[in-house]
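Visitor: Once you've had a glance at the structure underneath, I'll fire off some questions.
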Amino acid sequence: MIEAARKKPLITMLEEIRIYVMESLYIYKTKGQSWDLNICPSIRLKLNKLKEKQRFWQVVPSGYMQFEVRVAIDGYVVDLNTRQCGCRACQLAGYPCVHGYTAISSLNRDPEDYVSEWFTTSMYASCYSYNIRPLNCSAIWHEVDYTKPLPPKKRLPGIPTMKKKRDQVEREDKGTRHTISKNGMILRCTICKERGYNRSTCPQRPNEVPSTSGSKKKKET
Numbered sequence: 001m002i003e004a005a006r007k008k009p010l011i012t013m014l015e016e017i018r019i020y021v022m023e024s025l026y027i028y029k030t031k032g033q034s035w036d037l038n039i040c041p042s043i044r045l046k047l048n049k050l051k052e053k054q055r056f057w058q059v060v061p062s063g064y065m066q067f068e069v070r071v072a073i074d075g076y077v078v079d080l081n082t083r084q085c086g087c088r089a090c091q092l093a094g095y096p097c098v099h100g101y102t103a104i105s106s107l108n109r110d111p112e113d114y115v116s117e118w119f120t121t122s123m124y125a126s127c128y129s130y131n132i133r134p135l136n137c138s139a140i141w142h143e144v145d146y147t148k149p150l151p152p153k154k155r156l157p158g159i160p161t162m163k164k165k166r167d168q169v170e171r172e173d174k175g176t177r178h179t180i181s182k183n184g185m186i187l188r189c190t191i192c193k194e195r196g197y198n199r200s201t202c203p204q205r206p207n208e209v210p211s212t213s214g215s216k217k218k219k220e221t
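Okay, so the sequence shown: first residue is 1 according to the UniProt record's numbering, each after it adds one.
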């Protein structure tokens, strides 16, 4: 939506983005109001997949809410007090990994209680609790005592460019390499080790004889 709107003039582009965001906030808000769960459905779906995988793992309790979850020769330490696992997946994702899920299930506890609060439906509702108010068209706006804006500049012929207007210090990105500007850098000659110039303009540079080894000789006819 935004990619299509950026091709429009400035005012039209902003209006299309405003309408899109206003409608999206309402859709997501009403979508969350229909949920009767404690966590978001996408997270519950992931937990259901972990429920199928946990049967392959064995839980070895250690005490202090710490476990070693093993399969074959692999083992991971799970600490339910700190909600951490040796694989670090639960710390990064915010919900139990398969090792943590297995340890939680061994205690007959609900894995949803170990999901981060950021994935709860209450947090989802608070994210979309605000809305963007609708606006009337500019034809019925009230007159204000401010200086009227200047008319837009004359549009140039041709298709408007979509590329970013780069600053003078910026350069075009060539592949994955990024070059650094040499403005302000002090040059040092590799021949005389003096500053202010390089070897191409060094006064002590020896006269180089052009090589002719690579030239091809014409065959005599």
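A virtual CB, placed ideally from N, CA and C, is assigned to each residue, including glycine. Everything numeric in this text was worked out from a predicted model, so none of it was measured.
1. If we ignore side chains and look at the alpha-carbon of each, how far apart do P203 and R188 end up?
2. Should I17 and A4 be called a contact, given that it needs their Cβ atoms to be closer than 7 Å?
3. Ignore the nearest five residues each way along the sequence and tell me which others in residue 226's own chain have a CB closer than 8 Å to its CB.
4. Identify the continuous alpha helix (DSSP H) that holds P41 and give its terminal residues.
5. Grouping DSSP H, G and I as helix and E and B as strand, with all else coil, what is T176?
6. Using a Cβ-Cβ cutoff of less than 6 Å, which residues in the same chain neighbour M22 once the five nearest sequence positions on both sides are dropped?
7. When DSSP builds the beta bridges, which residues end up paired with G100?
8. Quick one: grab the DSSP three-state call for Q204.
9. With a threshold of 16 other CB atoms inside 10 Å of the CB of P96, please say whether the residue is buried or exposed.
10. Just the Cα atoms here: how many angstroms apart are G100 and C127?
Guide: Let me lay it out:
1. Numbered from its first residue, the sequence shown carries residue 203 at position 203. Numbered from its first residue, the sequence shown carries residue 188 at position 188. Cα to Cα, the separation comes out at about 13 Å.
2. By one-based count along the sequence shown, residue 17 stands at place 17. By one-based count along the sequence shown, residue 4 stands at place 4. No, the pair does not count as a contact, with Cβ atoms beyond the cut-off.
3. Outside the shown range of the chain, which is 1 to 221, sits residue 226, and nothing can be said about it.
4. Residue numbering aside, residue 41 sits at position 41 when the sequence shown is read from its first letter. Segment 41-53, the alpha helix (DSSP H) holding P41.
5. On the sequence shown, residue 176 is found 176 positions in, with the first residue counted as 1. Caution applies to T176, whose pLDDT of 49 falls short of 50 and renders its modelled position unreliable; the model cannot decide the point.
6. Taking the sequence shown and counting its residues from 1, the one referred to as residue 22 is at position 22. Result list for M22: I132, in chain order.
7. Counting from one through the sequence shown, the residue named residue 100 turns up at place 100. Answer by DSSP bridge pairing: none, since G100 is not bridged.
8. Taking the first residue of the sequence shown as 1, we reach residue 204 at position 204. Correct three-state label for Q204: coil.
9. On the sequence shown, position 96 is the one that residue 96 refers to. It counts as buried.
10. Position 100 of the sequence shown holds residue 100. Position 127 of the sequence shown holds residue 127. If you take the alpha carbons of G100 and C127, they lie about 28 Å apart.
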